[in-house]
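Student:
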Amino acid sequence: MSRRKKIYEGKAKILYEGPEPGTIVQYFKDDATAFNAQKKDVIEGKGVLNNRLSEYFMTGLNTIGVPTHFIRRLNMREQLVRSCEIIPLEVIVRNFAAGTMAKRLGMEEGTQLPRPIVEYCLKDDKLGDPLVTEEHIAAFGWASQQDMDDILSLALRVNDFMAGVMYGVGIRLVDFKIEIGRVYDGDFQRLVVADEISPDSCRLWDIETGRKLDKDVFRRDLGSLTDAYTEVARRLGLMPKAATAMTKPTLIN
Ligand code: TYD
0 MSRRKKIYEG KAKILYEGPE PGTIVQYFKD DATAFNAQKK DVIEGKGVLN
50 NRLSEYFMTG LNTIGVPTHF IRRLNMREQL VRSCEIIPLE VIVRNFAAGT
100 MAKRLGMEEG TQLPRPIVEY CLKDDKLGDP LVTEEHIAAF GWASQQDMDD
150 ILSLALRVND FMAGVMYGVG IRLVDFKIEI GRVYDGDFQR LVVADEISPD
200 SCRLWDIETG RKLDKDVFRR DLGSLTDAYT EVARRLGLMP KAATAMTKPT
250 LIN
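Numbering (numbering that gives the first Met the number 0) for the sequence shown: 0 to 252.
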């Protein structure tokens with residue numbers, strides 16, 4: 000089989016040249032990393048789950064009018080996306096304190112925030128994705144003021160959508176990270192939600208029990224990551240009803 004040209008290999012995904020100009024194939028690996036890749040493992044089935052979950056969220060966003068790079072899922076591990084120029088920022092939205100913000104500000108994890116808080120980290124693994132301010136972003140030209148207005152609006156729309164979808168299946172959206180891409184339509188450029196939206200890049204807590212259903216299960220050694228992600232997919236109706244921890248993830252199309 001002729002292999003497509005690999006464009007980039009990251010920690011959780013590989014990007015290949017797409018079948019048409021302006022498209023890219025995103026391949027979801029089973030690799031899990033945390034703490035800037037100091038902790039690593041291969042979690043069988045994670046890539047399949049994230050490919051399907053990201054398809055579900057991106058399709059929903061497209062449907063409600065929030066533009067994303069997503070075109071369609073190709074198979075269990077691959078999806079076709081629009082190629083875009085990734086803005087070098089991790090855009091984080093928080094509804095409850097957790098992770099680095101709870102630590103930095105000495106807050107108890109789970110404390111409700113007075114309003115959603117948006118933070119920006121520079122995408123730079125060597126530096127450990129440091130938190131940056133809008134001053135840094137403007138001064139170093141990583142994004143324009145217009146971009147920042149659009150990014151804030153996209154981030155808050157994704158937050159409302161994701162929080163609502165999760166609430167509908169008994170899950171609290173604590174925080175999440177998105178990446179934003181620039182696409183060109185003729186002379187115009189616009190920003191779209193890019194990369195992936197999956198439990199790898201969100202904090203998801205069961206509303207009743209507080210059980211963690213996201214990558215913290217891996218970061219903090221809290222049990223089976225596939226069980227947690229399978230539970231999210233099951234609640235969203237993406238798994239056959241009979242799927243339990245004992246069955247391998249099989250997804251409904
Ligand atoms: P944060 O609490 O800042 O960092 P950590 O995950 O290291 O505790 O993360 C906030 C949310 O954003 C969390 O759901 C994880 C996600 N995130 C990523 O997926 N990738 C990243 O590079 C960063 C900085 C955050």
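All residues carry an ideal CB built from backbone N, CA and C; glycine is no exception.
#1: Measuring straight from C-alpha to C-alpha, what distance separates residue 141 and residue 179?
#2: If you drop the 5 nearest sequence neighbours on each side, which residues of the same chain put their C-beta closer than 8 Å to that of residue 150?
#3: Just the C-alpha distance for residue 131 and residue 173, rounded to the nearest angstrom, thanks.
#4: When you measure from the CB of residue 200 to every non-hydrogen atom of the ligand TYD, does any distance come out below 6 Å?
#5: Quick one, are the C-beta atoms of residue 68 and residue 227 less than 7 Å apart?
#6: Tell me which residues share the same chain as residue 6 and place their Cβ nearer than 8 Å to its Cβ, disregarding the 5 neighbours each side in the sequence.
#7: What are the boundary residues of the alpha helix (DSSP H) that includes residue 94?
#8: Taking the Cβ atom as the reference point for each residue, do residue 117 and residue 92 lie within a distance shorter than 7 Å?
#9: Mind checking who residue 203 pairs with in its DSSP beta bridge?
#10: Do residue 98 and the ligand TYD come close, with the Cβ less than 6 Å from some heavy atom?
#11: Taking its Cβ as the centre, do 16 or more other Cβ atoms sit within 10 Å of residue 94, making it buried, or is it exposed?
#12: Determine the closest residue to residue 71 out of 108, 100, 25 and 48, with distance taken between C-alpha atoms.
#13: Buried or exposed for residue 183, going by 16 or more other Cβ atoms inside 10 Å?
Tutor: In brief:
#1: Working through the sequence shown from its first residue, we reach residue 141 at position 142. Working through the sequence shown from its first residue, we reach residue 179 at position 180. Using only the alpha carbons, I get a separation of about 12 Å.
#2: On the sequence shown, residue 150 is found 151 positions in, with the first residue counted as 1. Excluding residues within five positions, the ones whose Cβ falls inside 8 Å are 86, 88, 90, 142, 179 and 190.
#3: As a working note, residue 131 is residue 132 in the sequence shown. As a working note, residue 173 is residue 174 in the sequence shown. C-alpha separation (whole angstroms): 21 Å.
#4: Position 201 of the sequence shown, counted from the first residue, corresponds to residue 200. Yes.
#5: Taking the sequence shown and counting its residues from 1, the one referred to as residue 68 is at position 69. Taking the sequence shown and counting its residues from 1, the one referred to as residue 227 is at position 228. The beta carbons of residue 68 and residue 227 sit no closer together than 7 Å.
#6: Position 7 of the sequence shown holds residue 6. Excluding residues within five positions, the ones whose Cβ falls inside 8 Å are 14, 15, 16 and 23.
#7: The residue labelled residue 94 in the question sits at position 95 within the sequence shown. Note, residue 94: premise wrong, no alpha helix (DSSP H); beta strand (DSSP E) at 88-95.
#8: In the sequence shown, the residue the question calls residue 117 occupies position 118. In the sequence shown, the residue the question calls residue 92 occupies position 93. Pairing residue 117 with residue 92 gives a Cβ-Cβ distance under 7 Å.
#9: In the sequence shown, counting from the first residue as 1, residue 203 sits at position 204. Per DSSP, the beta-bridge partners of residue 203 are 172.
#10: For the purposes of this step, residue 98 is taken as residue 99 along the sequence shown, with counting starting at 1. Yes, the ligand TYD has a heavy atom inside 6 Å of this Cβ.
#11: As a working mapping, residue 94 is identified with position 95 in the sequence shown. By the beta-carbon neighbour count (other beta carbons within 10 angstroms, threshold 16), residue 94 is buried.
#12: For the purposes of this step, residue 71 is taken as residue 72 along the sequence shown, with counting starting at 1. If we check each option's Cα against that of residue 71, 25 comes out closest.
#13: Along the sequence shown, read from residue 1 onward, the residue named residue 183 stands at position 184. Its Cβ having fewer than 16 others within 10 Å, residue 183 is exposed.
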